[in-house]
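Undergrad: Dropping a structure here in structure tokens format, bear with me for questions.
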Amino acid sequence: MQRKALKYVYDMKAAAEKIQRFIADKSEAEYLASELLQSAVERQFEVIGEAMGTLHKADPGVAESIADYKKMIAFRNVLIHGYATIDPLIVWGVIESNLENLIKQTTAILDDV
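For the sequence shown, our numbering assigns the number 181 to the initial residue and increments by one for each residue that follows.
So this is what it looks like as structure tokens:
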């Protein structure tokens, strides 16, 4: 794996772990009530999507080995360009259904190097 590609995988893992820390011990209701928390989480998802898009350009094989890589890029685009229509419940759903798997996959890639 190219050194640049490794950096993008690391950035995705770090951003996902930040989200995990941000929401630790938080309920859905607490997340929905906190603009600060929502903004912090959305920013990290932007980082994940941007890193994934750049990783796909640098090393498509590595990017494609991560489940839902296209959805991560698309989600970043929604957060950036569709900011006025972001539904915090959808973001919470992405956290609950995808975050742990992303951390596992990026950890496995980094451990394999």
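Cβ coordinates follow ideal geometry from the N, Cα and C atoms, glycine included.
#1: Along the chain, where does the alpha helix (DSSP H) containing Ile275 start, and where does it finish?
#2: Cα separation between Val258 and Asp291?
#3: With distances taken from CA atoms, which of Gln224, Val274, Glu244 is nearest Ala194?
#4: Quick check on Met252: does DSSP put it in helix, strand or coil?
#5: Grouping DSSP H, G and I as helix and E and B as strand, with all else coil, what is Asp205?
#6: Taking the alpha helix (DSSP H) that Met181 belongs to, which residues open and close that run?
#7: How about Tyr211 and Ile203: do their beta carbons lie closer than 8 Å?
#8: Please state if the CB of Leu235 and the CB of Ala185 are separated by a distance shorter than 8 Å.
TA: Concretely, from the data shown:
#1: Working through the sequence shown from its first residue, we reach residue 275 at position 95. Note, Ile275: alpha helix (DSSP H), 268-291.
#2: As a position in the sequence shown, residue 258 is number 78, starting the count at 1. As a position in the sequence shown, residue 291 is number 111, starting the count at 1. The C-alpha of Asp291 is placed about 31 Å away from the C-alpha of Val258.
#3: Taking the sequence shown and counting its residues from 1, one reaches residue 194 at position 14. Of the candidates Gln224, Val274, Glu244, the one whose C-alpha sits nearest the C-alpha of Ala194 is Gln224.
#4: Locating residue 252 in the sequence shown gives position 72, where the first residue counts as 1. Look at Met252 here: in three-state DSSP terms it is helix.
#5: Looking up residue 205 in the sequence shown gives position 25. Correct three-state label for Asp205: coil.
#6: One-based indexing of the sequence shown puts residue 181 at position 1. No alpha helix (DSSP H) holds Met181; DSSP gives it neither H nor E.
#7: Locating residue 211 in the sequence shown gives position 31, where the first residue counts as 1. Locating residue 203 in the sequence shown gives position 23, where the first residue counts as 1. Yes, these two residues count as a Cβ contact at 8 Å.
#8: Here residue 185 is taken as the residue at index 5 of the sequence shown, counted from 1. Here residue 235 is taken as the residue at index 55 of the sequence shown, counted from 1. Yes; because the gap between Cβ atoms is below 8 Å, this pair is in contact.
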